[in-house]
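Residues 11 to 115 (this note's numbering) make up the sequence shown, in order.
Notes for the one structure printed next.
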Amino acid sequence: MKRITISKLQKYIKDKDHHPDLKKDYFLKLSEEVGELAQAIRKNATPANETSFKGSIEEELYDVMYYTLAIANLYDIDLETWIPVKERINDEKYGTHNADKLFSN
Ligand SMILES: [Mg+2]
């Protein structure tokens, strides 16, 4: 199975859905999708499978990721660059050593 990187997905979203003048709309969509995710979790939605995806936690998680990356695009933020930075901050904050695992196979 081919792997999808965060950078590839972010570029894919930018190529098909990028409107820098609509920042507030993208944020509202993200908020809406977080609400849909909350509902799917609260209703203990059926796990997605080949024949059923609509309304699943899997679908709503992707929708949240989609709008997160779309918003990153609006600000020209390469999110993959900043993930290890934030994880190192988290390591310091919580006294853990997890960030280096991001770079191991
Ligand atoms: Mg949704």
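Every residue, glycine too, gets a C-beta built ideally from N, C-alpha and C.
Bear in mind the structure is a predicted one, so any value in this text is a computation, not a measurement.
Distance cut-off 7 Å: residue i Cβ against heavy atoms of ligand 1
i          : result
residue 73 : yes
residue 97 : no
residue 46 : yes
residue 69 : yes
residue 43 : yes
Three-state class that DSSP yields for residue i in the structure shown
i           : result
residue 37  : helix
residue 13  : coil
residue 108 : coil
residue 113 : helix
residue 51  : helix
residue 102 : helix
Whether residue i touches residue j by CB criterion (8 Å)
i          : j          : result
residue 23 : residue 79 : yes
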